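> The structure is given below, and queries will be raised subsequently.
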Amino acid sequence: MPFRRLPFQPQTRGLAIPMRFYGQFSPPVDQFIFERYFRERGRPGTYIECGAFDGITESSCFVLAESLGWKAINIEASPMVFKKLTVNRPNATNLHLALSDRNGHVSFLHVHHPTHGVNFGNGSVQHQPEHRASLDAEGCSYSTHQVRAITYRDLVQNIGLSEIELMVLDIEGHEMAALNGMEGSSVLPEVFCIEFGHIGLERLNSRMRSLGYEFDTISHANAFYFRNDVAPTYKAPINDRN
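Count along the sequence shown from 1, then add 147; that gives the number in the working numbering.
Have a look at this one:
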């Protein structure tokens, strides 16, 4: 199925609340998410950002907590980066975990870049071959860490979440395993933003359809979906949304 790449039209002018966006790309991911899905939302929601890094740098969701009072759940598997996350985001729920398709422990490969050092990001439980080759070509080195793994299904149940408006998934090639761990969950995000570059858009679309999601559009490296039962709300003209 061909994707729909829709034009981005900034609409923050005239907002009563000043907002600073932190996301990657232009337009920033967080601005795209806010403008397209939540600008007219009248109350705070809950988001999960998996692959949250330090909670601020290129964050796709921080603006929602900072400016709109959303409940923030940040998940980061890297031990070194997680320490910074807890310092930067003391008011959020910060979890040192790897989302996966099973519970237990997994080996997380942290990437050390020759220029950027340990703060490079790009660590993963499961680098795809092309990604690993690219990192090797840049002269990266690696350290392996045992990290607790949990399925999304059990995570949501353990935290006691009954509603999630947004989830952002950016875990450098381990996205499919994390999505497999959503099977059987009674609480799924309304809107989903997933980095697809390491796993492929067609493969991702197929998996998301099986989970009950409708593809919306892409922006840069991210694909966007909304849950089938709320699709009419997010398809409506922005001024008609509640």
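From the three backbone atoms N, C-alpha and C, an ideal C-beta is built for every residue, glycine too.
All of these numbers come straight from a predicted model, not from anything done at the bench.
Identify every residue that forms a DSSP beta bridge with Val338.
Answer by DSSP bridge pairing, in chain order: Leu313 and Phe373.
> Please report the distance separating the alpha-carbon of Ala245 from that of Ile222.
Between Ala245 and Ile222, the C-alpha separation is close to 7 Å.
> Mapping the DSSP letters down to three states, classify Glu223 as helix, strand or coil.
Here Glu223 sits in coil by DSSP.
> Okay, do the segment 217–231 and the segment 185–204 touch, 3+ Cβ pairs below 8 Å being the bar?
Touching, yes, given that three or more Cβ pairs across the two stretches are closer than 8 Å.
> For Arg167, I'd like the list of residues in its chain whose CB is within less than 8 Å of its CB, leaving aside the five on either flank, ordered along the chain.
Only Val210, Glu213 and Ser214 meet the Cβ criterion.
> State yes or no: is the beta carbon of Arg188 nearer than 8 Å to at least one beta carbon in chain B?
Among the protein chains of the structure shown there is no chain B, as only one such chain exists.
> Need the endpoints of the alpha helix (DSSP H) that Ser214 sits in, please.
Looking at the DSSP string, the run of the alpha helix (DSSP H) that includes Ser214 is Phe209 to Leu215.
> Note down the Cα distance separating Val258 from Ser288, rounded to an integer number of angstroms.
Looking at the two C-alpha atoms, the distance is approximately 6 Å.
> Evaluate contact between the segment 262–281 and the segment 304–311, counting only Cβ atoms and requiring at least three cross-stretch pairs below 8 Å.
They do not touch, by the three-pair rule.
> Could you check how far apart the C-beta atoms of Glu312 and Gly192 are, in whole angstroms? I think they sit under 8 Å.
Contact flag correct, Cβ pair sits at about 3 Å.
> Go through its chain and collect everything with a Cβ distance to Gln158's Cβ below 7 Å, but skip five positions before and after it.
Its pLDDT being 49, under 50, Gln158 is placed unreliably in this model, and the value from its coordinates should be taken loosely. Once the five neighbours on either side are set aside, the close Cβ partners of Gln158 are Glu182 and Arg186.
> Give me the residue from Pro336, Arg354, Arg188 and Ala219 with the minimum Cα distance to Ala239.
Of the candidates Pro336, Arg354, Arg188 and Ala219, the one whose C-alpha sits nearest the C-alpha of Ala239 is Ala219.
> Take Gln156 and list the residues in its own chain whose beta-carbon comes closer than 7 Å to its own, dropping the five residues that flank it on each side.
No answer about Gln156 holds up, because its pLDDT of 44 lies below 50 and its placement is not dependable.
> State the start and end residues of the unbroken alpha helix (DSSP H) segment that holds Arg279.
Taken as a continuous stretch (DSSP letters only), the alpha helix (DSSP H) holding Arg279 covers Pro276 to Ala284.
> Is Tyr381 helix, strand or coil by DSSP?
Note: Tyr381 maps to helix in three-state DSSP.
> Rounding to the nearest angstrom, what Cα-Cα distance links Ser353 and Asn327 in this structure?
Answer to the nearest angstrom: the Cα atoms are 12 Å apart.
> Around the C-beta of His345, are 16 or more other C-beta atoms found within 10 angstroms, so that it is buried, or is it exposed?
When all chains shown are included, His345 counts as buried.
> Can Cys340 and Asn375 be called in contact, C-beta distance under 8 Å?
No, the Cβ-Cβ distance between Cys340 and Asn375 is not below 8 Å.
> Starting from Tyr289, follow the beta strand (DSSP E) in both directions and report where the run begins and ends.
Tyr289 -> beta strand (DSSP E) spans Ser288 to Ile297.
> Run through DSSP, which three-state label would Asn327 get?
Helix.
> Is it buried or exposed, Thr298, if we count other Cβ atoms within 10 angstroms and call 16 or more buried?
When all chains shown are included, Thr298 counts as buried.
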